[in-house]
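*Asks:* If you scroll down you'll find the structure; I have some questions about it.
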Amino acid sequence: MGKRFLASAGALSGARLLTALSQLLVLPIIARYLTAEEFGLVALAMTLVLFAQLFSDAGLSRSLIRQEQYHPEEWSAVFWLLFGIGLGLALIALAIAPVWAWVFEAPELFGMVAALSVTPMFLSLAAVPNARLERENRFGTLALIRAGAALAGMMAAAALALAGAGVWAMVVQQILLTVIQCGAGLAFSGFRPMLPRWQSQLSNHLIFARDSLGASLLQTTQRQVPMMLIGHHLGPASLGLFSMTSRLLNQPSMALSGPMAQVVYVRMAAAQGDDGQLGALYVGSIRLLALAIFPPMAVLAGAGGDLFALLLSEPWRKVGFLFALAAPGFALEAAVATAGVMFQAVGRTGLRLRMIVERTVLRLVTLALAVPFGIEAVALAITLFVFAYTPRYWAFAHRAVPFDRRAALSALGMTTGISVVTWGAMYLLARQGGDWATLGWAVVILAASWAAAAAIQWSRLRASLATFGR
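Residues 4 to 473 (this note's numbering) make up the sequence shown, in order.
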């Protein structure tokens, strides 16, 4: 069973890693053909679209997975409800497009937002088929779908960038990703919706979705409102630099903690009522995520601007400094993030929502105070806030499922110590050689850091994997 968990998590993580790799491979091409201002415009367009996209699922697919029995009528009712939501979201985004362009005094935003407005509809159509694949533990199929979509989007973006399409290279990439995921999900899941009719069972799903949707809305607000503040106060060029940094910093969450959360959610949902097992699953996920995320983030943070200038081109050198300031916060947040699905697995979505309301308000106030001092202050404020709020985050999670917070801290501490040493070594070596030498040292030090972190906690890592296999 532990091997099966690794296979499931590995398949999804592999697909997400491929998606992340495709983003990283295409970024050097796009970065050479798009200015920071154009990159900032894409970030502004995606800010509005991401708010629409988070409503496309509304948390209903998570609720379906929690059901012990599969009822085709119930799943079909959710499918048609989501289809209506997705269509409505597309029309709303289309209507807001001219207003968005006017607010930010950028006429180009109208066409970009109008084109991207179709993505929430395709995501809504894909939600139930993908939930069917998850419920049946067909994570390998999900991985193939996502990997194929990522590769297609990467090739399209690269070709369009080389052809001089500018911002449309990234717009088309996003549209293609959602279209392929929707079509392939419907094709391979085996799910075929029945004719729509009202189902009384929807009431429980709607209550679950209400709290989950509120949480998703607040989480998206945490990420996107700072983008809007930077774009409004500091301009598209500063926003472009910050957006590029955020894209790189979000790769661990997208490639590792996201897939881990999907697989852990299924395990936690099955372990409802067993607090000991649920707590062990959470602590185990922290240990595995810290091992996977902390060392590479430390290497990149220590490498400085040379490595980013080599990969992205000289105008993006400043990204290295911004990355180093925000990396500790992003890494810690990604490592402990599976507490979110623990709330959902035990049905404590209301408690989760209250926690996220508090965190959102405090985080936005912190970042709003930092914006006038520049994007460097915003990056540092992110790290300081995450470190300050994590104990409070764990206090909320402990109310949902009592878990050993000392064990969770220990799971972070061992890899953190290795990562601090890794950062120091990388920082010193990066100042001794050129860009290519820095890249070579980064590979060597990362391998050594992973090996050392795994060796000093090998028995505990095996115990964590055994927990997932029960």
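Glycine included, every Cβ here is placed at the ideal spot set by N, Cα and C. A quick note: this is a predicted structure, and the numbers were derived from the prediction, not measured.
Nearest-angstrom Cα distance between Leu-179 and Met-173?
*Replies:* 10 Å
*Asks:* Roughly how many angstroms lie between the CA atoms of Val-339 and Thr-223, to the nearest whole one?
*Replies:* A straight-line Cα-Cα distance of about 18 Å links Val-339 and Thr-223.
*Asks:* Can Ile-378 and Leu-325 be called in contact, C-beta distance under 8 Å?
*Replies:* yes
*Asks:* Please state the DSSP three-state secondary structure of Glu-139.
*Replies:* Residue state, collapsed to three classes: coil.
*Asks:* Looking only at its chain, what residues have a beta carbon closer than 6 Å to the beta carbon of Ala-400, apart from the 5 residues adjacent to it on each side?
*Replies:* Around Ala-400: Ala-342.
*Asks:* Straight-line CA distance for Ala-55 to Pro-298?
*Replies:* Linking Ala-55 to Pro-298 through their CA atoms gives a straight-line distance of about 34 Å.
*Asks:* If distances are taken between C-alpha atoms only, which option among Leu-449, Ala-164, Thr-50 and Arg-362 comes closest to Ala-100?
*Replies:* Thr-50
*Asks:* Work out the CA separation of Leu-136 and Ser-452 for me, nearest whole Å.
*Replies:* 36 Å
*Asks:* How is the alpha helix (DSSP H) around Asp-309 delimited, first residue to last?
*Replies:* 308-315
*Asks:* Apart from the five residues just before and just after Phe-191, which ones in its own chain have a Cβ nearer than 6 Å to its Cβ?
*Replies:* Thr-144
*Asks:* Would you mind reading off the limits of the alpha helix (DSSP H) that contains Gln-435?
*Replies:* Segment: none, Gln-435 is in no alpha helix (DSSP H) and carries neither H nor E.
*Asks:* Which runs of the alpha helix (DSSP H) at least 4 residues long sit entirely within the region 144-209? Give them in chain order.
*Replies:* 171-192
*Asks:* Whole-angstrom Cβ separation of Ala-334 and Ile-296, contact assumed at under 8 Å?
*Replies:* Contact check for Ala-334 and Ile-296: beta-carbon distance about 5 Å, within the 8 Å limit, so the pair qualifies.
*Asks:* What residue ranges within the region 213-260 form continuous alpha helix (DSSP H) runs of no fewer than 4 residues, ordered along the chain?
*Replies:* 239-252
*Asks:* Can you name, in chain order, every residue of its own chain whose Cβ lies under 7 Å from the Cβ of Ala-304, other than the five neighbours on each side?
*Replies:* Phe-326, Ala-327, Ala-330 and Trp-426
*Asks:* At what residues does the alpha helix (DSSP H) containing Thr-38 begin and finish?
*Replies:* Element bounds for Thr-38: n/a, residue is neither H nor E.
*Asks:* Closer than 8 Å by C-beta to Glu-111: which residues in its own chain qualify, once you throw out the five before and the five after it? Chain order, please.
*Replies:* Leu-44, Ala-104 and Val-170
*Asks:* Would you identify the three-state DSSP class for Gly-3, choosing helix, strand or coil?
*Replies:* With the chain represented from 4 up to 473, any question about residue 3 goes unanswered, as that position is not in the structure.
*Asks:* Taking the alpha carbon of Leu-291 as the reference point, which residue from Pro-229, Arg-463 and Leu-442 has its own alpha carbon closest?
*Replies:* Arg-463
*Asks:* Please determine, among Gly-238, Met-230, Ala-469 and Leu-294, the residue with the shortest C-alpha to C-alpha distance to Gly-420.
*Replies:* In terms of CA proximity to Gly-420, Leu-294 leads the group Gly-238, Met-230, Ala-469 and Leu-294.
*Asks:* Starting from the C-beta of Met-230, find all residues in its chain whose C-beta is less than 6 Å away, skip the five residues before and the five after it, and write them out in chain order.
*Replies:* Correct list, in chain order: Ala-46 and Thr-50.
*Asks:* Of the residues Met-124, Val-102, Ser-246 and Phe-125, which one's Cα is nearest the Cα of Gly-114?
*Replies:* Nearest of Met-124, Val-102, Ser-246 and Phe-125 to Gly-114, Cα basis: Val-102.
*Asks:* So what does DSSP say about Ala-458, is it helix, strand or coil?
*Replies:* helix
*Asks:* Are the region 346-355 and the region 271-278 touching by the rule of at least three beta carbon pairs closer than 8 Å?
*Replies:* yes
*Asks:* Roughly how many whole angstroms lie between the Cα atoms of Ala-337 and Ala-264?
*Replies:* In a straight line, the C-alpha of Ala-337 is about 10 Å away from that of Ala-264.
*Asks:* From Thr-122 to Leu-189, what does the alpha carbon distance come to, in whole angstroms?
*Replies:* 16 Å
*Asks:* Roughly how far, in whole angstroms, is the beta-carbon of Ala-159 from the beta-carbon of Val-182, given that I think they are within contact range, below 8 Å?
*Replies:* So it is not a contact: roughly 11 Å between Cβ atoms.
*Asks:* Looking at the structure shown, is His-74 part of a helix, part of a strand, or coil, going by DSSP?
*Replies:* Look at His-74 here: in three-state DSSP terms it is coil, with no helix or strand label.
*Asks:* How about Gly-234 and Phe-107: are their beta carbons less than 8 Å apart?
*Replies:* yes
*Asks:* Quick check on this structure: which residue in Leu-163, Leu-387 and Ser-127 has the alpha carbon closest to the alpha carbon of Leu-365?
*Replies:* Leu-387
*Asks:* Can you grab the Cα-Cα spacing for the pair Ser-203 / Glu-76, in whole Å?
*Replies:* Residue placement at Ser-203 is flagged as unreliable, the pLDDT there being 49, under the threshold of 50; a coordinate-derived value is accordingly withheld.
*Asks:* Is it true that the region 279-291 meets the region 353-363, where meeting means three or more beta-carbon pairs spaced less than 8 Å apart?
*Replies:* no
*Asks:* Would you call the region 28-35 and the region 313-324 touching, i.e. three or more CB-CB distances under 8 Å?
*Replies:* Output reads yes: the region 313-324 touches the region 28-35.
*Asks:* To the nearest angstrom, how far is the alpha carbon of Ser-79 from that of Ala-440?
*Replies:* 56 Å
*Asks:* What are the boundary residues of the alpha helix (DSSP H) that Phe-406 is part of?
*Replies:* Looking at the DSSP string, Phe-406 is not in any alpha helix (DSSP H), and its letter there is neither H nor E.
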